[in-house]
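Colleague: Have a look at this one before I ask anything.
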Amino acid sequence: MKKQAIIGVIADDFTGATDIAAMLVRGGMQVVQTIGLPSPALLAGIEADAIVVALKSRSIPVQAAIDQTLTAWQALADIGVRQCYFKYCSTFDSTPAGNIGPVTEALAAVIGVKTVAHIPALPVNGRSVYQGHLFVFDKLLNESGMEQHPLNPMTDANLVRWLSQQSQGEVALITQAEVAGGAAALRLRLAELAQNNIAQVIGDTVSEQDLAHWGHALVDAPLVAGGSGLATPLAGAHAALGRYSMTTQDTLAAQATQQPTVMLSGSCSKATISQIERFKADGGMTLRLDPRTIAADPTCVPQAIDWVQQQLAQQAAAGATAPVMVYASGTAEQVQAAQAELGSARAGQLAEDALSQIARALMPTTGDGRLIAAGGETSGAVVSQLGVAALRIGPEIDPGVPWTQALDSQGRVLGWLALKSGNFGAEDFFTKATRLLDAAAVGADG
Ligand code: ADP
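Remember, the numbering used here sits 5 above the position in the sequence shown when you count from 1.
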């Protein structure tokens, strides 16, 4: 029988979605993250304990954010998901007009929830909420630098007051002293607030213990809202009730086969540059495509594809599976030189187009090919060129960078994909990534 997803997360941005997906995986859940609104065909085929829909609704007009969120929720509800988790940033990124309050109230209205608890805190990253005030480590939110955010300057750390401005209904606080009383007391308190027509509650949270209480208190709430901090305890509370069996991502990795990994990097972040140098020092095969070279002779892109294909063919003949890398990435001097000659937008575009064309030409459609894209923008270009609609989260290579199985809009497996943001990953990231799947494949074969 097909697995029924328990939690349906709607995240208001892509990296926030990746963050909460990792938190749910940590709770032993099988997780699929969709890129934008999922098609019904994709959702119907997904086997997961939690589905995370990544929207880009944080800073768009309020009504558009409401419409997209409700459409996403309807799609999840249609496949039987019963708990909605509206995920936003742990710094409560919003303005006096929204979008957190209006989106939450719209979800509450369609789901039929009287009182919604907001748990924004992420204690492990220093975000805690005390007496309704959000702290970033030892600083109040409005003294943490967030007051100067270009899109959503957070000028008030009092979340009850901040959320009230964005909302129609009344907002109340559940204090840390009440949270310390445990899950049963919290449930009673929430029921009492519902009786008093309180529409939303800010939940104090200063520790992992507080999060655990919230997880158990909210396990049967049809709608919860907050940062990613609540996700692991909430999953844990479902697991404690026997609603899913905890898995490790090794089960997914065991589907890997011995394959060479194609690596494409457009990231010019310091971390990536050292990772590329390390890869070369470890004997990795590389080819560099500078934006100036591409501008001067566009045929260098098909030539690069030929080069990779030759390497792969030679390896296949020799029974080897070493990784191959093409990169545009450059040092600060190289980037400046390219930008001076081409302008920064064109230099970036040339690199992104070249790398995503190479991805398209080389990503096998057999489902067991492997590709790594390094760089946030670069990853976005590769994902859209390959028609990736969702990612089934696999084993973590380094914190925040898992191997995933990329799925198309029909839910078919396209292949293994790892998307690395610029500054993520240890110096041996590229070699480590390959080894991780190789080891899983050997384990499975043996
Ligand atoms: P990161 O996550 O490290 O910021 P991104 O992919 O988001 O990486 O951004 C890097 C940008 O720099 C991309 O638009 C990419 O196309 C561009 N780029 C890559 N190599 C070069 C280069 N040699 N010169 C100029 N721009 C480059």
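Ideal Cβ placement from N, Cα and C applies to all residues, glycine included.
1) Given a cut-off of 8 Å, decide if residue 398 and residue 30 are closer than it, judged by their beta-carbon atoms.
2) For residue 451 and residue 261, what's the separation of their Cα atoms in angstroms?
3) Comparing the CB of residue 426 with every heavy atom of the ligand ADP, is any distance shorter than 7 Å?
4) How should residue 268 be labelled, buried or exposed, when 16 other C-beta atoms within 10 angstroms of its C-beta is the threshold for buried?
5) Ends of the alpha helix (DSSP H) at residue 287?
6) Pick out every residue whose C-beta is nearer than 6 Å to a heavy atom of the ligand ADP: which are they, in chain order?
7) Residue ranges of each alpha helix (DSSP H) run of no fewer than 4 residues wholly in the segment 317-400, ordered along the chain?
8) Which partner residues does residue 407 have in the DSSP bridge list?
9) Confirm, please, whether the CB-CB distance from residue 228 to residue 112 is below 8 Å.
10) According to DSSP, simplified to helix, strand and coil, what is residue 451?
11) Below 8 Å on the Cβ atoms is my contact criterion, and I expect residue 328 with residue 435 to pass it. Report the Cβ-Cβ distance as a whole number of Å.
12) With a threshold of 8 Å, are at least 3 pairs of Cβ atoms found where one atom belongs to the segment 397-417 and the other to the segment 14-33?
13) Less than 8 Å between the C-beta atoms of residue 205 and residue 168, yes or no?
14) With DSSP as the reference, please indicate the residues paired to residue 79 in a beta bridge.
15) Please report the straight-line C-alpha distance between residue 16 and residue 160, rounded to a whole angstrom.
16) Taking the straight line between their C-alpha atoms, what separation do you get for residue 409 and residue 107?
17) Distance, Cα to Cα, residue 6 vs residue 52?
18) Below 7 Å CB to CB, which residues in the same chain sit around residue 119 once its five sequence neighbours on both sides are set aside?
19) Pull up the distance between the alpha-carbon of residue 162 and that of residue 114, whole angstroms please.
20) Residues in the same chain with beta-carbon distance under 6 Å from residue 93, minus the five sequence neighbours each way, listed in chain order, please.
21) Enumerate in chain order the residues of its own chain whose CB-to-CB distance from residue 236 is below 6 Å, with the five nearest sequence positions on each side excluded.
22) Taking the DSSP output, what are the residues bridged to residue 89?
Modeller: A quick look at the data gives this:
1) Counted from its first residue, the sequence shown places residue 30 at position 25. Counted from its first residue, the sequence shown places residue 398 at position 393. Against a cut-off of 8 Å, the Cβ pair of residue 398 and residue 30 comes out as a contact.
2) For this step, residue 451 is matched to residue 446 along the sequence shown. For this step, residue 261 is matched to residue 256 along the sequence shown. Confidence is the limiting factor: at residue 451 the pLDDT is only 44, short of 50, which leaves the residue's position unreliable and the question unanswerable from this model.
3) The count along the sequence shown starts at 1 and reaches residue 426 at position 421. Yes, the Cβ of residue 426 comes within 7 Å of a heavy atom of the ligand ADP.
4) By 1-based counting over the sequence shown, the position of residue 268 is 263. The residue in question, residue 268, is buried, as its Cβ has 16 or more Cβ neighbours within 10 Å.
5) Against the sequence shown, residue 287 aligns to sequence position 282. Per DSSP, residue 287 belongs to no alpha helix (DSSP H) and is neither H nor E.
6) 271, 272, 273, 274, 277, 295, 296, 333, 334, 335, 339, 340, 343, 344, 352, 353, 356, 357, 380, 381, 382, 383, 426 and 427
7) 337-347, 349-367 and 381-391
8) Your numbering for residue 407 matches position 402 in the sequence shown. Per DSSP, 401.
9) Position 107 of the sequence shown, counting from 1, holds the residue named residue 112. Position 223 of the sequence shown, counting from 1, holds the residue named residue 228. Yes, the pair counts as a contact, with Cβ atoms nearer than the cut-off.
10) Within the sequence shown, numbered from 1, the residue matching residue 451 stands at position 446. At residue 451 the pLDDT is 44, less than 50, meaning the model places this residue with poor confidence; the figure from the coordinates comes in the next sentence. In the structure shown, residue 451 sits in coil (DSSP, three-state: anything other than H, G, I, E or B).
11) Working through the sequence shown from its first residue, we reach residue 328 at position 323. Working through the sequence shown from its first residue, we reach residue 435 at position 430. Right, their Cβ atoms sit about 7 Å apart.
12) yes
13) Start at 1 with the first residue of the sequence shown, and residue 205 comes out as number 200. Start at 1 with the first residue of the sequence shown, and residue 168 comes out as number 163. Taking 8 Å as the Cβ cut-off, residue 205 and residue 168 qualify as a contacting pair.
14) Taking the first residue of the sequence shown as 1, we reach residue 79 at position 74. Paired residue(s): none; residue 79 is not in a bridge.
15) Against the sequence shown, residue 16 aligns to sequence position 11. Against the sequence shown, residue 160 aligns to sequence position 155. Their backbone Cα atoms lie some 23 Å apart in a straight line.
16) The residue given as residue 409 occupies position 404 in the sequence shown. The residue given as residue 107 occupies position 102 in the sequence shown. Cα to Cα, the separation comes out at about 33 Å.
17) Working through the sequence shown from its first residue, we reach residue 6 at position 1. Working through the sequence shown from its first residue, we reach residue 52 at position 47. Their backbone Cα atoms lie some 10 Å apart in a straight line.
18) Here residue 119 is taken as the residue at index 114 of the sequence shown, counted from 1. Once the five neighbours on either side are set aside, the close Cβ partners of residue 119 are 199.
19) Counting from 1 along the sequence shown, the entry for residue 162 is found at position 157. Counting from 1 along the sequence shown, the entry for residue 114 is found at position 109. Each residue's alpha carbon lies about 27 Å from the other.
20) Taking the first residue of the sequence shown as position 1, residue 93 is located at position 88. Hits under 6 Å: 17 and 105.
21) As a position in the sequence shown, residue 236 is number 231, starting the count at 1. Excluding sequence neighbours, residue 236 sits near 25, 28 and 29.
22) In the sequence shown, counting from the first residue as 1, residue 89 sits at position 84. 13 and 228, per the DSSP bridge assignment.
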